[in-house]
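Going by full-length UniProt numbering, the first residue of the sequence shown is number 1, and it counts up by one from there.
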Amino acid sequence: METPVDLTVGDLHASVDDPALNSMNFLNEVAQHYPDAVSLAAGRPYEEYFDVAALHRWLDRFHRHLVEDQGLGPEQVRRTLLQYGRTKGIVHHLVARNLAVDEGITADPEAVVVTVGCQEGMFLVLRALRTGPRDVLLAVAPTYVGLTGAARLVDLPVRPVAGGPAGVDLADLAEQVRRARAEGLRPRACYVMPDFANPSGISMDTAHRRRLLESAAEAELLLVEDNPYGLFPVGDADRPPTLKALDTERRVVYLGSFAKSVLPGARVGYVLADQRVAAPDGSVGLLADQLAKIKSMVTVNTSPIAQAVIGGRLLEHGCSLAGANTRERAAYARNLRHLLDGLARRFPPDRFPGVSWTAPAGGFFVVVTVPFGVDDALLHRSAQEYGVLWTPMAHFYDDGAVVNALRLSISAVTPAQIDLGLDRLAKLVADEVAALVGGGADWPR
1 METPVDLTVG
11 DLHASVDDPA
21 LNSMNFLNEV
31 AQHYPDAVSL
41 AAGRPYEEYF
51 DVAALHRWLD
61 RFHRHLVEDQ
71 GLGPEQVRRT
81 LLQYGRTKGI
91 VHHLVARNLA
101 VDEGITADPE
111 AVVVTVGCQE
121 GMFLVLRALR
131 TGPRDVLLAV
141 APTYVGLTGA
151 ARLVDLPVRP
161 VAGGPAGVDL
171 ADLAEQVRRA
181 RAEGLRPRAC
191 YVMPDFANPS
201 GISMDTAHRR
211 RLLESAAEAE
221 LLLVEDNPYG
231 LFPVGDADRP
241 PTLKALDTER
251 RVVYLGSFAK
261 SVLPGARVGY
271 VLADQRVAAP
281 DGSVGLLADQ
291 LAKIKSMVTV
301 NTSPIAQAVI
311 GGRLLEHGCS
321 LAGANTRERA
331 AYARNLRHLL
341 DGLARRFPPD
351 RFPGVSWTAP
361 AGGFFVVVTV
371 PFGVDDALLH
381 RSAQEYGVLW
391 TPMAHFYDDG
401 AVVNALRLSI
411 SAVTPAQIDL
421 GLDRLAKLVA
431 DEVAALVGGG
441 ADWPR
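Structure, rendered in structure tokens:
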């Protein structure tokens, strides 16, 4: 008996069947289908230090802040925490302090919009920038799939810009701008992740960041900087300044998230949008004000309770999340070193020609290149037959081409799990290459 149908996918917005949106759901849910597999796929933060009791402490700390620092009475406190609230958020001033302490960014709190995760922040920015069919977005490839999906929702085409070892190929950026304009299109911005990018793991050095800002100014282009991993370098070297910290022309819209540095379950992020926007009546406001208008019709406001949790955590550490994440940073650094050492032991070049990997200086991700195509079908077989999950790099490109690479994540596993996962991955790679070359004796089985 056929299932009754009320609608077809063709009756809905084209984005619902777009590969980018399918990718996000697939990557979020695949581990649930293989609970016994070691997951080197998820970019989730380390869970060992999660503490439910801390939520109450952080809420109490923010409550005291409202009373002691802001002078609110009981009725005002209840309203602030429990009622619909300010669309831009109630911890915007603490976000601004955090940016000053950890990133050296001087931010007007009124230029901060607190969002439901960084994903909403992306959507708000792209929705505001997309004004018509001529508009396009540039993005450094490979690109975080959440950005591509958000662009689909607002009908904003994404054009790739070559990444490369420096993080972004500035010649290709200029060429993509030139080509788009020659086609009568209007490049609105370029999306970049300068610190330990997802998925590549690549970071830009300070000199290249300055050149990128100069290139954006020459091209009259905004930069959308996404920085979820910047707090997690390996080693004690000073972190390079963010693009926003170097930005003297309000060229950068800055996306931030507390998912990795506090709690993903709180779903709190933010946008720093200090660009000046002229209204038809001649008044001048902030881009943040315009984003807040859009947010008011999407999520109304970000949960005040969730914001209070984040605010309490910030206050507890003098608004420095660099200091608050000492344990987490050490765990990620340990895991990254363990993974890189493990790859070197399991894939010596004389036995595994064609297998290579990136060696990022921090963050969550390592990309492994292999001499065969990597797709979702192989991922399912890897989980079923070998007991290990990873992420096909094809999800981070927008052209549907076969990609001979996969992403490994070190953030939500232990060293023992990394070893087990790499043992299983090595068996999969050996079997795939042996099949590719007809069972050649040089490949371990």
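Positions of the beta carbon are idealized from the N, C-alpha and C atoms, including for glycine. What you are looking at is a predicted structure, and each value in this text was computed from that prediction instead of being measured.
Excluding the 5 residues flanking Leu-40 on each side, which residues of the same chain have their C-beta closer than 7 Å to its C-beta? Val-388, Leu-389, Trp-390, Leu-408, Ser-409, Val-413, Gly-421
Boundaries (first-last residue) of the alpha helix (DSSP H) holding Cys-118: Note, Cys-118: alpha helix (DSSP H), 117-129.
Where Trp-390 falls: helix, strand or coil (DSSP): coil
Looking at the structure shown, is Pro-302 part of a helix, part of a strand, or coil, going by DSSP? Note that residue 302 is Thr in the sequence shown, not Pro. In the structure shown, Thr-302 adopts coil according to DSSP, grouped into three states.
From Arg-267 to Ser-257, what does the alpha carbon distance come to, in whole angstroms? 8 Å
Grouping DSSP H, G and I as helix and E and B as strand, with all else coil, what is Ala-162? Strand, per DSSP.
So what's Phe-372 in DSSP terms, helix, strand or just coil? strand
Classify Leu-286 as helix, strand or coil using the three-state DSSP reduction. Here Leu-286 carries a strand assignment [DSSP, helix/strand/coil].
Hey, could you find the ends of the alpha helix (DSSP H) Ser-215 is sitting in? 206-218
Using CA atoms only, rank isn't needed, just tell me which of Val-16, Pro-233, Asp-195 is closest to Arg-327. Pro-233
For Arg-411, count neighbouring Cβ atoms within 10 angstroms of its own Cβ and tell me buried if that reaches 16, exposed if not. Note that residue 411 corresponds to Ser in the displayed sequence, not to Arg. So Ser-411 counts as buried.
Does the pairing of the region 322-342 with the region 188-196 give three or more beta-carbon distances under 8 Å? no
Taking 8 Å as the cut-off, does the region 6-25 touch the region 270-278 (at least 3 CB pairs, one atom from each stretch)? no
Helix, strand or coil: which one does DSSP assign to Pro-74? helix
Whole angstroms is fine: what's the gap from Leu-153's alpha carbon to Leu-66's? 37 Å
By the 10 Å Cβ neighbour count, where 16 or more other Cβ atoms means buried, how is His-33 classified, buried or exposed? Answer is exposed; the Cβ neighbour count stays below 16.
Which class does Asn-404 belong to by DSSP, given the choice of helix, strand or coil? strand
Check whether the region 361-375 touches the region 117-125, taking contact to mean three or more Cβ pairs, one atom from each stretch, closer than 8 Å. no
Proximity to Gln-290 [Cα-Cα], best of Pro-348, Ala-42, Thr-87: Thr-87
Option in Ala-377, Leu-436, Arg-424 with minimal Cα separation from Asp-26: Here the sequence assigns Phe to residue 26, which means Asp is not the residue at that position. The residue with the shortest Cα to Cα distance from Phe-26 is Ala-377.
How do the region 46-60 and the region 285-303 stand: do at least 3 beta-carbon pairs fall below 8 Å, yes or no? no
Evaluate the contact criterion for the region 223-240 versus the region 203-215: three or more CB pairs, one atom per stretch, below 8 Å. yes
Can the beta-carbon of Ser-382 be found closer than 9 Å to that of Leu-425? In contact: Ser-382 and Leu-425 (Cβ atoms closer than 9 Å).
Indicate whether Thr-242 and Tyr-229 have their beta-carbon atoms separated by less than 9 Å. Going by C-beta atoms, Thr-242 is not nearer than 9 Å to Tyr-229.
Per DSSP, what kind of secondary structure is Asp-226 in: helix, strand or coil? strand
Are Gly-89 and Ala-259 close, meaning C-beta to C-beta below 9 Å? no
Is the region 108-115 close to the region 329-343, with three or more CB pairs under 8 Å? no
Apart from the five residues on each side of it in sequence, which residues of its chain come closer than 8 Å, Cβ to Cβ, to Glu-225? Within the same chain, Glu-225 has close Cβ partners Val-192, Met-193, Pro-194, Thr-242, Leu-243, Lys-244, Val-252, Val-253, Tyr-254, Leu-255.
Please return the same chain residues whose Cβ sits closer than 6 Å to the Cβ of Gly-149, not counting the five positions on each side in sequence. Once the five neighbours on either side are set aside, the close Cβ partners of Gly-149 are Ala-20, Leu-21, Met-24.
Closer than 6 Å by C-beta to Arg-130: which residues in its own chain qualify, once you throw out the five before and the five after it? Chain order, please. Excluding positions up to five away in sequence, the list reads Val-154, Leu-156.
Can you tell me whether Pro-109 sits near the ligand NAP, meaning its C-beta is under 8 Å from at least one heavy atom of the ligand? The ligand content of the structure shown is nil, which means the ligand NAP is not present either.
What does a CB cutoff of less than 7 Å around Gly-440 pick up in its chain, not counting 5 residues either side in sequence? For Gly-440, the predicted structure reports a pLDDT of 49, less than 50, and the residue's modelled location is therefore unreliable. The matter cannot be settled from this model.
Ignore the nearest five residues each way along the sequence and tell me which others in Glu-110's own chain have a CB closer than 7 Å to its CB. Leu-286, Ala-288
Do Leu-213 and Asp-247 have their CB atoms nearer than 9 Å? Yes; because the gap between Cβ atoms is below 9 Å, this pair is in contact.
I need the boundaries of the beta strand (DSSP E) containing residue 497, first residue and last residue. In this structure the chain extends from 1 to 445, so residue 497 is not present and cannot be described.
Report the option in Ser-15, Arg-61, Ala-42 whose CA atom is closest to the CA atom of Ile-310. Arg-61
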